[in-house]
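**Student:**
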Amino acid sequence: MERSGNFYKAIRLGYILISILIGCMAYNSLYEWQEIEALELGNKKIDELRKEINNINIQMIKFSLLGETILEWNDKDIEHYHARRMAMDSMLCRFKATYPAERIDSVRSLLEDKERQMFQIVRLMDEQQSINKKIANQIPVIVQKSVQEQSKKPKYNRHFENSTLK
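Counting in the working numbering, the sequence shown runs from 458 upward without gaps.
(1) Quick one: residues in its chain with C-beta nearer than 6 angstroms to the C-beta of Arg565, no 5 flanking neighbours on either side, listed in chain order?
(2) Using DSSP with H/G/I as helix, E/B as strand and the rest coil, what is Pro557?
(3) Is the Cβ-Cβ distance between Tyr538 and Met582 less than 8 angstroms?
(4) Would Ile527 and Ile578 qualify as a contact pair, given that the criterion is a beta-carbon distance under 8 angstroms?
(5) I need the DSSP call for Asn485, collapsed to helix, strand or coil.
(6) How long is the line joining the alpha carbons of Gln605 and Asn594, rounded to whole angstroms?
(7) Hey, out of Lys519, Asn500, Arg560 and Glu559, whose CA is closest to Ala544's CA?
(8) If you run the structure through DSSP and keep just helix, strand and coil, what is Asn531?
The structure is reproduced here in structure tokens:
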């Protein structure tokens with residue numbers, strides 16, 4: 458009987474070991490599943506950051522190309538450019554948590570300075586057009602005065618000059 462008692466103890470011990478092994482496998486599976494979830498979440502955040510960086514890159518290119526038509530701008534275009542710059546500014550501010558704030562602020566100040574200079578260019582172009590219009594309005598008056606002055610000048614007879622010199 459002792460043999461059968463040892464046999465039953467061995468079977469119980471085997472079941473306990475199998476149960477412990479199954480428990481360890483379940484714990485290991487759960488741990489790996491949580492780890493995979495954490496990695497997937499990290500990948501998702503990285504993917505979102507990459508998409509946001511790509512979006513800002515595209516917006517920055519569109520924004521820089523917007524300045525290419527500055528010679529044809531009016532007040533409405535200046536307002537549109539300012540609104541786009543403010544949108545770009547807020548997009549860049551979101552990256553202060555990811556990138557050094559000094560770099561972000563540097564880009565923001567460059568964009569602000571560019572906007573200021575572009576506004577000055579538009580203002581100078583408007584002044585130049587105003588001056589050109591004034592000049593265009595004065596040309597007929599200048600031409601008329603020039604014609605009147607030439608008609609008042611005595612006309613020299615070349616034939617007379619040639620005969621007196623001989």
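Think of the CB as a built atom: it goes at the ideal place given N, C-alpha and C, for glycine as much as any other residue.
**Tutor:** Result, derived from the coordinates:
(1) The residue labelled residue 565 in the question sits at position 108 within the sequence shown. The answer, listed in chain order, is Asp546 and Leu549.
(2) One-based indexing of the sequence shown puts residue 557 at position 100. Three-state DSSP puts Pro557 in coil, outside helix and strand.
(3) Position 81 of the sequence shown, counted from the start, is the residue given in the question as residue 538. Position 125 of the sequence shown, counted from the start, is the residue given in the question as residue 582. No.
(4) As a working note, residue 527 is residue 70 in the sequence shown. As a working note, residue 578 is residue 121 in the sequence shown. Cβ atoms of Ile527 and Ile578: closer than 8 angstroms.
(5) For the purposes of this step, residue 485 is taken as residue 28 along the sequence shown, with counting starting at 1. Residue state, collapsed to three classes: helix.
(6) Here residue 605 is taken as the residue at index 148 of the sequence shown, counted from 1. Here residue 594 is taken as the residue at index 137 of the sequence shown, counted from 1. Answer to the nearest angstrom: the Cα atoms are 18 angstroms apart.
(7) As a first step, residue 544 must be located in the sequence shown, where it is residue number 87. Ranking Lys519, Asn500, Arg560 and Glu559 by Cα distance to Ala544 puts Lys519 first.
(8) Within the sequence shown, the letter at position 74 stands for residue 531. Residue state, collapsed to three classes: coil.
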